Structures are given as C-alpha cells and as structure tokens.
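Structure first, commentary second.
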Amino acid sequence: MPKVTVRYWAAAKAAAGVAEEPHDAATLAEALDAARTRHPGELVRVLQRCSFLVDGDPVGTRGHETVRLADGGTVEVLPPFAGG
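Just so you know, the sequence shown maps onto residues 0 to 83 in numbering that gives the first Met the number 0.
So, in structure tokens, the structure goes:
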C-alpha cells in the first residue's frame, strides 16, 4: 500500500487541525476516506467543496477511485479561495 502525504490548505487545514499527515492509500478515494475517518465533522463538509492536486497535477472531474497514488506521493487539498 503506498504511503502518501495529505496536505491541507486554508479551511481544510483549520477543519483537520493539522497542516499535513501521512496516509496509506492506493487511490485518492482511499486517502480521502481515511481523512474523513480520522477527522469526522467539519472536514467532511469542507472536502465536498475542495479541489485536489496529486503530485502537482489537478484531479479535475476524474473519479477519485480512478486516481492512483504513488508511494511517497502528495495529495494537496485545496478549498475554494476568494479573491483574484
């Protein structure tokens, strides 16, 4: 099982209570399920509005279960940002 780092930004960081944490996950869906389990409550709601980068690449509209994670990879959790 790949070990990845999940990095939280802005509202996601506040909801998780940490800036980043490790997870064992083969797909983005598994990593997000693990994050929801570890941080029930506000993070679950925030994740519904987030976009994600996996190793610097935008996930976009791809199904999270189809996005494979590499060992040592990084998932960036990006809530919507205001401003321009």
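Here a beta-carbon is modelled for each residue, glycine too, at the ideal position from N, C-alpha and C.
Nothing here was measured: the structure is a model prediction, and the numbers come from that model.
Residue i vs residue j beta-carbon contact at 9 angstroms
i   : j   : result
G71 : V3  : yes
A34 : V76 : yes
A30 : V58 : no
Same chain, Cβ closer than 6 angstroms to residue i, neighbours up to 5 away in sequence not counted
i   : result
D23 : M0 and K2
E64 : T26 and A28
Residues sharing a beta bridge with residue i, DSSP
i   : result
L52 : P57 and E75
T4  : P21 and T73
T26 : R67
Closer than 9 angstroms to chain B by CB, residue i
i   : result
G59 : Here chain B cannot be found, since the structure has a single protein chain.
Nonlocal neighbours in the same chain, by C-beta distance under 8 angstroms from residue i, ignoring five residues either side
i   : result
P21 : K2, V3, T4 and V5
D54 : A69, G72 and T73
Residues of its chain near residue i, where Cβ-Cβ distance is below 7 angstroms and the 5 sequence neighbours each way are ignored
i   : result
E41 : A14
V43 : R35
Where residue i falls, given that 16 or more other Cβ within 10 Å makes a residue buried
i   : result
A69 : exposed
F80 : exposed
A18 : exposed
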